[in-house]
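Student:
Protein chains in written order, with my numbering: chain A, 1 to 414; chain B, 1001 to 1414.
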């Protein structure tokens, strides 16, 4: 006889506290970078909690950690819920940990209630999501979904450590977790995560139902002009790359985002050379981070950036060189899985809104191989990748409730 | 019996070569910084040339060097012509040297022709015009025109040397030059200098008649916003200091100079913090160099910069802090002296234009105590403060001709 599975809020919050102590920083954050001693301790703690509850524990060749609770239909691939346990060097307590520990709470809630699911349900802690020690990030989900990992063997970390050695040490530090091949069929994936932006808090909504992850491109623009004396050079004789850069950025800032609420355009870095107060610069370089959920629209925005920079450079008799330095395609989540999350939120009488994730997540890669979705909960002031990152306890528990409902529905399809 | 005084072009060009060898750099420029061994060698060579011709040589307490040729009316203060002999560390052969050596050529031309002038004519080589070793620059002319020099005693140079010691050593290295008090009545001052900008060359004019020196102010603007994730922060929730800075600079660049041909506005330095490609900056700082010959118009421009930056910051829910870090008032030259220079140019059938100097010069300070003016000659590509600085030999000689005519007229007023 099974009961209705229920989230144990105190247990979840206690677990969040316990994991926050692993790699805790004096300022209240965590430093639990991928494949570090702290990361291994967090993986061990989760594995031990899982084994105590009688779940099976696996890991794969990139150190993704899986905790499996069987379903009633052994022919079905597992339904995955989870996130990551690694952090930024001065990271917060919730980024990744909330989704991973809420997923484990879901598994315990199912077990507490002796609830049956048709599919196996597996909690996953993806390896090296942050990429701050070993770039690139989202390594675990990339490898799981078929990325070519051959070149990763020689990656050297920010601290000089060799990825291959640290990965091997991480895997062997957890002999209780049986090794299985990297990648396998799955039935679906849902990830709970903090928003890492301010909108849910500002709109006082407990839940965001994520419909897509934005694609991201980084463009590096360099405009070359002619340096000159700030006092002696008439306007008519200036080839001022600062004027060109400012005009170009101004046009982009006043058109791209205001005209398309799904688009993001950010200039985070700018510098002039030689950088003399009293000299027209020789060159001005700036970066443009553009994001959009639809790849074709990202193409349109990139073309616009290129055209505007070239035109404004030409207007000042300067030249513009534009390089694309990063390109991460976005993904739309499965409408069915999004519907399931919405149904879960509605069944709990929770207000929510559909939203697009502006940050990458492991779910971006899972969405390419299975129906996937994400659940966002508010974080204070939108702060993340920051030791001051904070989630109201009530909001964390609400997120876990929605994840539980979603998992129950998704893992036992009608 | 006197002849018509004539510039000896070969002699002048030979002198330019000789002085260019003092502190010559491998790249063809000069490094003859103020009060250095090289500066002392240049002063010594000029003094020796002067003594050979029977002129009197003086220096004052800041090491300004004077070469005097008597006039017919001993009651009149001297008429001064000259410039400076010190250079930037990677300076050119003409900045300062052209004006000083042309002035000496004028004195020799007068002597060659046994020409009489009513006023004494004195060549002056102002000390430490560049200020690159010991800041501030234009020390010699500031001291000569009454600046309070008490605080200069403790100035330490870019190379760690003490100004007081180097100045003392410079003065004692030239015992032939009698010491006289710093500052004295003068009848007028005219300085020949390279334009240090491109307009004469572009307009193919051999002579610029300088009517004023622009005043200069440096403003340092810092706009504070709120850092945020480039992907997760909706436009509505951004407090992006880059948007504010770009909008403000764009407004200033498209109004100040286009609407007033005497105004200059240059943004030479800009930086965003933290300077992350994928983060909205926390703050953006930039400099604004503004110049105008009229102080009241400089006030208007500064007020406009402050108002525009504050308004654009507010529009983005950011705050702007604006600091004035430098303020050098400009000066209009004496209309009579400007007329004399124009008459000199016309008498030689030379095309010229009136222009405003965007760079400081010693003449800026002399204009406060006596009728003053400047004569500009073209320099290649407007380049100065650069080892590649170059003046066509013919243009250098034409400049000396105009200086001679001007000195003859000004030193023997009707």
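C-beta: ideal position from N, C-alpha, C; glycine also.
Should the region 1221 to 1235 of chain B be called in touch with the region 1311 to 1318 of chain B, which here means at least 3 C-beta pairs below 8 Å?
Tutor: The region 1221 to 1235 of chain B vs the region 1311 to 1318 of chain B: in contact.
Student: Relative to the C-alpha of residue 1470 of chain B, which residue among B:1147, B:1166, B:1149, B:1148 is closest?
Tutor: Summary: the structure shown does not reach residue 1470 of chain B, with chain B confined to residues 1001 through 1414, and so no result is reported for it.
Student: At what residues does the beta strand (DSSP E) containing residue 362 of chain A begin and finish?
Tutor: Unbroken run through residue 362 of chain A is the alpha helix (DSSP H), 362 to 366; no beta strand (DSSP E).
Student: Can you give the beta carbon distance from residue 67 of chain A to residue 79 of chain A, rounded, assuming they're within the 8 Å contact cut?
Tutor: That pair is no contact at about 13 Å.
Student: Near residue 1116 of chain B, which residues of its chain fall below 8 Å by C-beta distance, leaving aside the five closest residues on each side in sequence?
Tutor: Correct list, in chain order: 1002, 1071, 1072, 1412.
Student: With DSSP collapsed to three states, give me the class of residue 1220 of chain B.
Tutor: DSSP places residue 1220 of chain B in strand when its eight states are reduced to three.
Student: Could you tell me which residues DSSP pairs with residue 239 of chain A in its beta bridges?
Tutor: Residue 239 of chain A is bridged to A:226.
Student: Go ahead and label residue 387 of chain A buried or exposed: buried means 16 or more other beta carbons lie within 10 angstroms of its beta carbon, across all protein chains shown.
Tutor: The residue in question, residue 387 of chain A, is buried, as its Cβ has 16 or more Cβ neighbours within 10 Å.
Student: From the beta carbon of residue 329 of chain A, is the nearest beta carbon of chain B less than 8 Å away?
Tutor: No, no contact with chain B.
Student: In the region 1266 to 1282 of chain B, which residues sit with their C-beta less than 9 Å from some C-beta in chain A, listed in chain order?
Tutor: Listed by position along the chain: 1266, 1267, 1268, 1269, 1270, 1271, 1272, 1274, 1275, 1276, 1277, 1278, 1279, 1280, 1281.
Student: Suppose the cutoff is 8 Å on Cβ atoms and the five residues either side in sequence are ignored; what does the same chain contact list for residue 231 of chain A look like?
Tutor: These residues qualify, in order along the chain: 278.
Student: Got a sec, what are the start and stop residues for the alpha helix (DSSP H) residue 1043 of chain B sits in?
Tutor: Its alpha helix (DSSP H) spans residues 1037 to 1052.
Student: With 7 Å as the limit, tell me which residues of the region 1191 to 1223 of chain B have their beta carbon closer than that to any beta carbon of chain A; keep them in chain order.
Tutor: Correct list: 1195, 1196, 1197, 1198, 1199, 1202, 1214, 1216, 1218.
Student: Could you work out which residue in A:218, A:275, A:368 is closest to residue 303 of chain A when comparing CA atoms only?
Tutor: Nearest option by C-alpha distance: A:218.
Student: Measuring CA to CA, which of A:216, A:326, A:285, A:281 is closest to residue 295 of chain A?
Tutor: Comparing Cα positions, the closest option is A:216.
Student: Residue 353 of chain A bridges to which residues according to DSSP?
Tutor: DSSP, once it has assigned bridges, lists A:208 as partnering residue 353 of chain A.
Student: If you draw a straight line from the C-alpha of residue 1311 of chain B to the C-alpha of residue 1326 of chain B, how long is it?
Tutor: Cα to Cα, the separation comes out at about 23 Å.
Student: Report the option in A:190, A:252, A:298, A:364 whose CA atom is closest to the CA atom of residue 400 of chain A.
Tutor: The shortest Cα separation from residue 400 of chain A among A:190, A:252, A:298, A:364 belongs to A:190.
Student: Quick one: using the 10 Å Cβ neighbour count with 16 as the cut-off for buried, is residue 154 of chain A buried or exposed?
Tutor: Exposed, by the Cβ-count rule.
Student: Using a C-beta to C-beta distance shorter than 8 Å, which residues of chain A count as neighbours of residue 1258 of chain B?
Tutor: Neighbours of residue 1258 of chain B on chain A, chain order: 235.
Student: Chain B partners of residue 247 of chain A, CB-CB under 7 Å?
Tutor: Ordered by position in chain B, the residues that pass the 7 Å Cβ test against residue 247 of chain A are 1250.
Student: Does residue 1199 of chain B come out as helix, strand or coil in the three-state DSSP assignment?
Tutor: Residue 1199 of chain B: helix per DSSP, three-state reduction.
Student: Using a C-beta to C-beta distance shorter than 7 Å, which residues of chain A count as neighbours of residue 1289 of chain B?
Tutor: Neighbours of residue 1289 of chain B on chain A, chain order: 230, 277, 278.
Student: Looking at the structure shown, is residue 190 of chain A part of a helix, part of a strand, or coil, going by DSSP?
Tutor: Three-state DSSP puts residue 190 of chain A in a strand.
Student: Short of 6 Å in beta carbon distance, which residues of its chain neighbour residue 137 of chain A, apart from the five on each side in sequence? Order them along the chain.
Tutor: Counting only Cβ-Cβ distances below 6 Å, and skipping sequence neighbours, we find 129, 130, 131.
Student: Whose Cβ in chain A lies nearer than 7 Å to the Cβ of residue 1242 of chain B?
Tutor: Residues of chain A passing the Cβ test: 267.
Student: Thinking residue 198 of chain A and residue 350 of chain A are a contact (beta carbons under 8 Å), I'd like their distance in whole angstroms, please.
Tutor: So it is not a contact: roughly 19 Å between Cβ atoms.
Student: Residue 145 of chain A: which of A:182, A:169, A:298, A:16 sits nearest, CA to CA?
Tutor: Answer by Cα proximity: A:182.
Student: Pull up the CB-CB distance for residue 1087 of chain B and residue 1023 of chain B, whole angstroms please, since I reckon it's below 8 Å.
Tutor: That belief holds up - the Cβ atoms of residue 1087 of chain B and residue 1023 of chain B are roughly 7 Å apart, short of 8 Å.
Student: Note the first and the last residue of the continuous beta strand (DSSP E) segment covering residue 1290 of chain B.
Tutor: 1283 to 1292 is the span of the beta strand (DSSP E), which, as asked, contains residue 1290 of chain B.
Student: Report the three-state DSSP secondary structure of residue 297 of chain A (helix, strand or coil).
Tutor: Reduced to three states, the DSSP call for residue 297 of chain A is helix.
Student: Buried or exposed for residue 261 of chain A, going by 16 or more other Cβ atoms inside 10 Å?
Tutor: Exposed is the call here.
Student: Could you give the C-beta distance for residue 95 of chain A and residue 389 of chain A, rounded to a whole number, given that I count them as a contact under 8 Å?
Tutor: That pair is a contact at about 6 Å.
Student: So does the region 1238 to 1247 of chain B actually touch the region 1274 to 1292 of chain B, counting three or more Cβ pairs closer than 8 Å?
Tutor: Touching, per the Cβ criterion.
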